[in-house]
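This report refers to the structure that appears directly beneath it.
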Amino acid sequence: MKNLACVRSSGFQHPASLHRRDGALVRRRWSLWPKALGDRRPSGGPPDDSAQDTVFHTKEVFDVPPHAEAILVGVISGALIRYLFLRRDYRQYPSYPHGVVTHLSLGFIAAFIGAAAIPAIVEKEFTAVTFLALAATQFREVREMERTMLQNLDQGNLVPRGPDYIEGIARVFEARNYLIMFTSLLVSGITLWGNYLSGLLIAVVLLLIGLQLKGGKTITDIAKVRQGQVHFDGPLLYVEDIDFMNLGMGSVHEVYLERGIGIIIEPFDDNSRATLANNGQRMAISHDAAALMGIYKDVDTAEFTPIVRRDLDTGRVGLIIVPIEQDVKFLIEAVKRVPILESALSMPLKTYAGGKAAD
Amino acid sequence: MELEKLILAIITQDKEKVYGAGAPVFLAISQEEQDKIALYLARITEGVIHDLENGVYVLVKH
């Protein structure tokens, strides 16, 4: 830093460089030209008389764009929060390294657009704000991209996620970019108004709020999960009194009786009953259970595909699965933690007719 | 609307029980043979064997 020389320049002048320590208003620009090389600059300009007046302040070392601090704090906190929101877990996505890179880059772009918005307004660059709209279009593409990719990958899954689960994941990816944009906007705005410390404080608060919100509901919030007895009635496979399917062949029956585990999910109320009735939600349950506990199945043994069926009388839902891990306790735990899909969540009790009919 | 379930084959010990089928019918002479044919066909076609309880197995693609 000490090697930095200060030269006069007739180029762009930033307000930050309009003062000197002695208070004199001097138009000058700090350049990276090493002081040791003197003034033998390629341009061959006149010797610099203020070269001794080196000021060690970041804002004055470079040509600092307006409101750089606000934008910087906004972008960094936004990108960091995007990184913290990227979950790499059993859902196996986006554990792919390239997925992480893609989403971090998009998160960075979102953070930058958000962070630049308020400084742009302050500088009366109103057209710059229209870029927010452009960004929104861009992030809708993210949803499309995720949906297509997950749908393609789903064909390779022994137990598919199902379209509802995929739609849910894609929607989350899109929404998180908006969330980051908004976070960066707030953080940069606050930084501009106060200083970087207040900006960082807001970033932490927003991160905590985000972590609270992103969890969402799981099966354990809407239903009781317990084990059920697996048995056959002729060729019909049952868990307790829920009929699953007709299966031929004694050898298949033996595998089910020996290794199969039945799970019963009992909804707490009519809202949960309607949610569990959703086929996409049920596919999500079987996918997650199979992903966590392992599945005793290959492409040519379709009879061991986990199934989720519904008891028409009570709205209870049963799951039959032949897991690799014969651990009922953790299978129940896995089912309890299946997320409630946004598309499956229904609340008939909140309507007049639904509420009255349930009485 | 797309047809998702399809009977790929019928394995029976009694050919009187099956009539005018759109799927190939495999005639077995014993329970063991019926099971064996059903199992092989299930593995080959990636279908699931269902028992109609009258000595007829159907192989269904799900």
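So the protein sequences, as listed, match chains A and R. Taking my numbering, the leading residue of the first sequence gets 752, the next gets one more, and so forth. Taking my numbering, the leading residue of the second sequence gets 10, the next gets one more, and so forth. Here a beta-carbon is modelled for each residue, glycine too, at the ideal position from N, C-alpha and C. Fair warning: this is a prediction, and the values are worked out from it, not measured in the lab.
| Query | Result |
| --- | --- |
| State the DSSP-derived secondary structure class of M1098 of chain A, mapped to helix, strand or coil. | coil |
| Go through its chain and collect everything with a Cβ distance to V893 of chain A's Cβ below 7 Å, but skip five positions before and after it. | L857, F924, E925, N928 |
| With 8 Å as the limit, tell me which residues of the stretch 977-1003 of chain A have their beta carbon closer than that to any beta carbon of chain R; keep them in chain order. | G985, P986, M996, N997, L998, G999, M1000, G1001, S1002, V1003 |
| May I ask you to list the residues that DSSP assigns as paired with M900 of chain A? | According to DSSP, which records beta bridges pairwise, M900 of chain A is partnered with nothing at all. |
| Which residues bound the alpha helix (DSSP H) around S973 of chain A? | Checking the sequence, you will find Ile at residue 973 of chain A rather than Ser. Element bounds for I973 of chain A: 970-973. |
| Taking C-beta pairs closer than 7 Å, name the residues in chain R that A1053 of chain A reaches, listed in chain order. | E55, G56, V57, H71 |
| Is the stretch 1031-1039 of chain A in contact with the stretch 908-915 of chain A, if contact means three or more CB pairs nearer than 8 Å? | yes |
| Please list the partners that V1050 of chain A has in chain R, where partner means a Cβ-to-Cβ separation under 8 Å. | E55 |
| Looking at the structure shown, is L957 of chain A part of a helix, part of a strand, or coil, going by DSSP? | helix |
| In terms of residue numbering, what span does the beta strand (DSSP E) encompassing Y989 of chain A cover? | 987-990 |
| Within 10 angstroms of its Cβ, does S39 of chain R collect 16 or more other Cβ (buried), or is it exposed? | exposed |
| Put P33 of chain R into one of helix, strand or coil per three-state DSSP. | coil |
| Whose C-beta lies closer than 7 Å to the C-beta of G795 of chain A among residues of the same chain, with five residues either side of it excluded? | The predicted model places G795 of chain A with a pLDDT of 49, which falls under 50 and marks its position as unreliable; any figure quoted below should be read in that light. Same-chain partners within the cutoff: there are none. |
| Label K1048 of chain A either buried or exposed according to how many other C-beta atoms from any shown protein chain fall within 10 Å of its C-beta, with 16 as the threshold for buried. | buried |
| When we look at the beta-carbon of A1109 of chain A and count the other beta-carbons within 10 Å, is it buried (16 or more) or exposed? | exposed |
| Q978 of chain A and V1079 of chain A: beta carbons closer than 8 Å? | yes |
| What span of residues does the alpha helix (DSSP H) with V923 of chain A cover, start to end? | 914-944 |
| What is the C-beta distance between I993 of chain A and D1062 of chain A, in whole angstroms, given that I count them as a contact (C-beta under 8 Å)? | 5 Å |
| Find the residues of chain A that neighbour Y49 of chain R, judging by a C-beta separation of less than 8 Å, and give them in chain order. | Those do not exist, as Y49 of chain R stays about 11 Å from chain A at its closest Cβ, beyond 8 Å. |
| Among all the DSSP beta bridges, which residues are the ones paired with P1074 of chain A? | A:I1046 |
| Are there 16 or more other CB atoms within 10 angstroms of the CB of T878 of chain A, so buried, or fewer, so exposed? | exposed |
| Could you please give me the residues that DSSP links to M996 of chain A through a beta bridge? | A:L988 |
| Leaving aside the five residues before and after L943 of chain A along the sequence, list all residues of the same chain whose C-beta is less than 7 Å from its C-beta, in chain order. | H818, A821, I869, P870, V873 |
| Cβ closer than 9 Å: which chain A residues qualify as neighbours of Y28 of chain R? | What Y28 of chain R touches in chain A: nothing, since even the nearest Cβ is about 20 Å away. |
| Ordered along the chain, which non-local residues of its own chain (more than five positions away) have a Cβ less than 6 Å from that of S935 of chain A? | G825, G829, A862, G865, A866 |
| Report buried or exposed for E897 of chain A, applying the criterion of at least 16 other Cβ atoms within 10 angstroms of its Cβ. | buried |
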